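Single-structure report; data block below.
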Amino acid sequence: MARTPLGPGSEGTKGAIRLDTQEQKVNDATVIAIMPTNPLNLFGPFQRDATEMTRADIFIRIEALRQQLVAKYAPEKIILFGSAAREGEEINDVDLFIIKDDVPHLGADRIRELYRLMDTDLPVDYLVYRPKEVAKRLSLGDPFVVGVLREGRVLYG
Numbered sequence: 001m002a003r004t005p006l007g008p009g010s011e012g013t014k015g016a017i018r019l020d021t022q023e024q025k026v027n028d029a030t031v032i033a034i035m036p037t038n039p040l041n042l043f044g045p046f047q048r049d050a051t052e053m054t055r056a057d058i059f060i061r062i063e064a065l066r067q068q069l070v071a072k073y074a075p076e077k078i079i080l081f082g083s084a085a086r087e088g089e090e091i092n093d094v095d096l097f098i099i100k101d102d103v104p105h106l107g108a109d110r111i112r113e114l115y116r117l118m119d120t121d122l123p124v125d126y127l128v129y130r131p132k133e134v135a136k137r138l139s140l141g142d143p144f145v146v147g148v149l150r151e152g153r154v155l156y157g
């Protein structure tokens, strides 16, 4: 798979879109599939591949992102989960579970807002929940939310 930055700017610049391309032979024709590396990142900055960075570099960038989130977004809580939260595991991306009361109704709008506000080259996925939504998911025994709260690393709040 080849990775190519497209859109306004160039590699490493805010606004570029990273695409994966894959060639395949189908009935004597070459088919090229082109898709965003992270479809939700169509409104966000160009993101580096975390596997190209050292663990120490990633955590320096995570701390810088945490500071931006606190200053620009004012969340109640930020929890790091996934590969970056587990010791000794290769980090492929940064997953952040964010709790904040005053957010747009739709989840996609919440994520778009964060991609527009944050300036990072980390491959980051944001999940934003209101406190009431977290409480409801917990009352239903949602294994995902329970796991994030039990195994994630609280970065703020």
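So the sequence shown is numbered by our numbering: it starts at 1 and just counts up by one. Beta carbons are placed, not taken as given, at the ideal position from N, Cα and C, and that holds for glycine. Computed from a predicted structure; not experimentally measured.
Extent of the continuous alpha helix (DSSP H) to which residue i belongs
i	result
Val146	Pro143 to Glu151
Tyr109	The question names Tyr, but residue 109 is Asp in the sequence shown. Start and end: Gly107 to Leu117.
Leu96	That residue, Leu96, is in no alpha helix (DSSP H); its beta strand (DSSP E) goes Val94 to Ile99.
Val134	Pro131 to Ser139
Glu63	Arg55 to Gln68
Reference residue i, options the options, closest by Cα
i	options	result
Glu52	Gly157, Pro123, Gly88 and Gly82	Pro123
Ile79	Val94, Asp101 and Glu90	Val94
Leu155	Ala84, Arg55 and Thr54	Ala84
Arg86	Phe59, Thr120 and Leu106	Phe59
Gly88	Pro75, Ala56 and Arg137	Ala56
Gly107	Glu151, Met118, Glu133 and Thr120	Glu133
Val103	Phe81, Gly82 and Tyr73	Tyr73
Ala71	His105, Asp142 and Asp119	Asp119
Glu151	Arg116, Thr54 and Leu96	Leu96
Which residues DSSP lists as bridging residue i, in chain order
i	result
Tyr73	According to DSSP, which records beta bridges pairwise, Tyr73 is partnered with nothing at all.
Leu80	Leu96 and Arg153
Asp125	Asp95
Expected contact under 8 Å - CB spacing of residue i and residue j to nearest Å
i	j	result
Asp101	Arg130	6 Å
Leu140	Tyr126	Their Cβ separation, rounded to whole angstroms, is 22 Å, which puts Leu140 and Tyr126 out of contact at 8 Å.
Val128	Ile91	At roughly 21 Å, the Cβ-Cβ gap does not stay under 8 Å, so Val128 and Ile91 are not in contact.
Glu76	Gly157	5 Å
*Would you check if there are 3 or more beta carbon pairs closer than 8 Å linking the segment 133 to 149 to the segment 48 to 67?*
No contact exists between the segment 133 to 149 and the segment 48 to 67.
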